[in-house]
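This report refers to the structure that appears directly beneath it.
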Amino acid sequence: MSKPNFAPLKLFITGPTYIRRDVKEAALLPEFGHRDAENDLRFGPIRENLRKIAGCGDDYEPILCLGSGSSAMETSIRSLVAEDETLLNVSVGSFGDMYYNIAVSNGKKAENLKFDYGMPIDLNVLEDKLKALRPQVVSFTHNETSTGVINDMKAVCSLIRQYGAMPLVDGVSIFGGATIALSDSGAAMYSTATQKSLALPAGFGIGFVSGEAEEKAGRVTNKGHHHDITKHLERARKNQTLTTPNTTLANMMWYQLDRIVNEEGIENRFARHIEMRGMVEKWAAGLDGFEMFVAEGFRSPTVSTVVCPQGVTSVQLKETVKEGMRDEGYLMDPGYMKLNHLLEEAGRRPIFRVGHMGDIMPDMLAAYLDALEKELMKL
Ligand SMILES: Cc1ncc(COP(=O)(O)O)c(C=O)c1O
């Protein structure tokens, strides 16, 4: 076979992300049988380290759903929303809308409460909706990747609980990059994935299931097979997955989580992400006509969004800046296209995203921002 000419791009998109060489090399660890004692040696430490990164001790049971983040999200819907119940989904962007669409496409009775792009969940508006609708379950996004907004998970869950509903949280693009403090969060189930702030290839949706969620899943019917939390938990407690896992990814995950917890240190990793958000803020402030899209206090530590000056279009971002950055060896994120089209239709300026999650280091980000600035100045 002839050698393919794949471009060795450095990924600054919002997932999949840059993967370190040593993490890739862990893919060469021996393959193993997923019902053999060797399985325990991988998934035992993986589950233990997931608990440490989540800050949940034994309060939640980690499960691995084969697929990606949305596999875990769909599992939360199928297992935790009963046939006769109403789900309220709260959306601050495209991935919020996706959680709603997952519910509807699974035949659940659902409503979508939407907030303007770039804004976090407004607790007063949510409270009015909770009073009017009285849903049994409420889903929302912790870190909205399309807009770069982080919601206050604890405050939102606390409000949802005041109205007797069960909160389901999508944490796909933040887990591994910021403090989750899951035990203290009020979430009934928290879903995430391998390919974002954990800096691994895609392949597992990760679910953290509370005892309360487990109890409810026991009562919910029509959960299917792979979306059945009860079945997942039975296997997870033996450190196993419900069906055959990607053992190459498991080897990489075993290595990477150990490295995060015991080498880099969880707190150092979280601090590094906050430092990188600060670097983008400072950089954007120094560029004429550019500004951060999200108000201070609600900016994601893993993905930053920057508004372009008047006159710059989403087409220029995609066709000129992104391609210019490719020539520099980078895969740039010219903004979530659907969102940019909506912004432009409303007469607003387009945004681009800087994914600084996972194992992107401050010096890598500094070099990227330098190159990006040069490309943007050509417009
Ligand atoms: C916030 C959020 N939720 C859900 C998803 C979907 O996750 P996946 O592509 O891993 O299924 C993404 C993917 O970008 C995301 O950013």
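The numbering of the sequence shown is the working numbering, which starts it at 1 and goes up by one. Every residue gets a Cβ at the ideal spot worked out from N, C-alpha and C, and that includes glycine. Nothing here was measured: the structure is a model prediction, and the numbers come from that model.
{"Query": "Around ligand 1, what residues have a beta-carbon under 5 Å from a heavy atom of it, in chain order?", "Result": "S68, G69, S70, F95, T145, D170, V172, S173, A193"}
{"Query": "Candidates V280, A187, L133, K114: which alpha carbon is nearest S158's?", "Result": "A187"}
{"Query": "Go through its chain and collect everything with a Cβ distance to K223's Cβ below 6 Å, but skip five positions before and after it.", "Result": "R78, S79"}
{"Query": "For the beta strand (DSSP E) that contains T305, what are its first and last residues?", "Result": "303 to 307"}
{"Query": "Suppose the cutoff is 8 Å on Cβ atoms and the five residues either side in sequence are ignored; what does the same chain contact list for A181 look like?", "Result": "G55, K154"}
{"Query": "Considering only DSSP beta bridges, list what A178 is partnered with.", "Result": "F175"}
{"Query": "Tell me V354's beta-bridge partners as DSSP assigns them.", "Result": "S304"}
{"Query": "Looking at I382: is its Cβ nearer than 8 Å to the Cβ of P167?", "Result": "The question about residue 382 has no answer here: the residues shown for the chain are numbered 1 through 379."}
{"Query": "When you compare only the Cα positions, how much space is there between L133 and G164?", "Result": "12 Å"}
{"Query": "Counting only the same chain and skipping the five closest in sequence on each side, list residues whose C-beta sits under 6 Å from that of I274.", "Result": "P301"}
{"Query": "Are the CB atoms of R42 and N251 nearer to each other than 8 Å?", "Result": "yes"}
{"Query": "From what residue to what residue does the alpha helix (DSSP H) around S183 run?", "Result": "Element bounds for S183: n/a, residue is neither H nor E."}
{"Query": "With distances taken Cα to Cα, identify the nearest neighbour of D84 among M357, T221, E264, A367.", "Result": "T221"}
{"Query": "Just how far apart, CA to CA, sit L369 and S146?", "Result": "20 Å"}
{"Query": "By DSSP, does A346 sit in helix, in strand, or in coil?", "Result": "coil"}
{"Query": "Cα separation between T320 and E373?", "Result": "13 Å"}
{"Query": "Please identify the residue among G67, T86, T305 whose C-alpha is closest to the C-alpha of H356.", "Result": "T305"}
{"Query": "Spell out the partners DSSP gives F208 in its beta bridges.", "Result": "P62, Y190"}
{"Query": "With DSSP collapsed to three states, give me the class of L249.", "Result": "helix"}
{"Query": "Apart from the five residues just before and just after G358, which ones in its own chain have a Cβ nearer than 6 Å to its Cβ?", "Result": "T17, S197, A199"}
{"Query": "The alpha helix (DSSP H) that contains S105, what's its start and end?", "Result": "94 to 105"}
{"Query": "For A278, which residues in the same chain have their Cβ closer than 7 Å to its Cβ, ignoring the five residues on either side in sequence?", "Result": "In the sequence as presented, Ala is not what sits at residue 278; that position holds Gly. Excluding positions up to five away in sequence, the list is empty."}
{"Query": "For N246, collect the residues of the same chain with a Cβ closer than 7 Å to its Cβ; drop the 5 residues on either side in sequence, then sort them by chain order.", "Result": "G203"}
{"Query": "Report, in whole angstroms, the separation of the C-beta atoms of F352 and L379, which I expect to be a contact under 8 Å.", "Result": "Incorrect: roughly 11 Å between the Cβ atoms, too far for contact."}
{"Query": "Under a Cβ-count criterion, where at least 16 other Cβ atoms within 10 Å of its own Cβ denotes burial, should K3 be classed as buried or exposed?", "Result": "exposed"}
{"Query": "Helix, strand or coil for R20, going by three-state DSSP, please let me know.", "Result": "coil"}
{"Query": "On a Cα-Cα basis, can you pick out the residue from L376, K131, R51 that is closest to W380?", "Result": "The structure shown does not extend to residue 380, since the chain is modelled only from 1 to 379, so the question has no answer here."}
{"Query": "Taking buried to mean at least 16 other C-beta atoms within 10 Å of its own C-beta, is E215 buried or exposed?", "Result": "exposed"}
{"Query": "Does M332 pass the burial test, meaning 16 or more other C-beta atoms within 10 Å, or should it be called exposed?", "Result": "buried"}
{"Query": "Could you say which of P45, E127, P120, T86 lies nearest to K108 if we only look at CA atoms?", "Result": "T86"}
{"Query": "Is any heavy atom in ligand 2 found nearer than 7 Å to the beta carbon of E267?", "Result": "The ligand content of the structure shown is limited to ligand 1, which means ligand 2 is not among them."}
{"Query": "Give me whichever residues DSSP pairs with L88 in a beta bridge.", "Result": "E111, V138"}
{"Query": "Cβ of F95 within 8 Å of Cβ of E144?", "Result": "yes"}
{"Query": "Between Y117 and G93, how many whole angstroms is the CB-CB distance? I'm expecting something under 8 Å.", "Result": "6 Å"}
{"Query": "Where do the ends of the beta strand (DSSP E) carrying P167 lie?", "Result": "166 to 170"}
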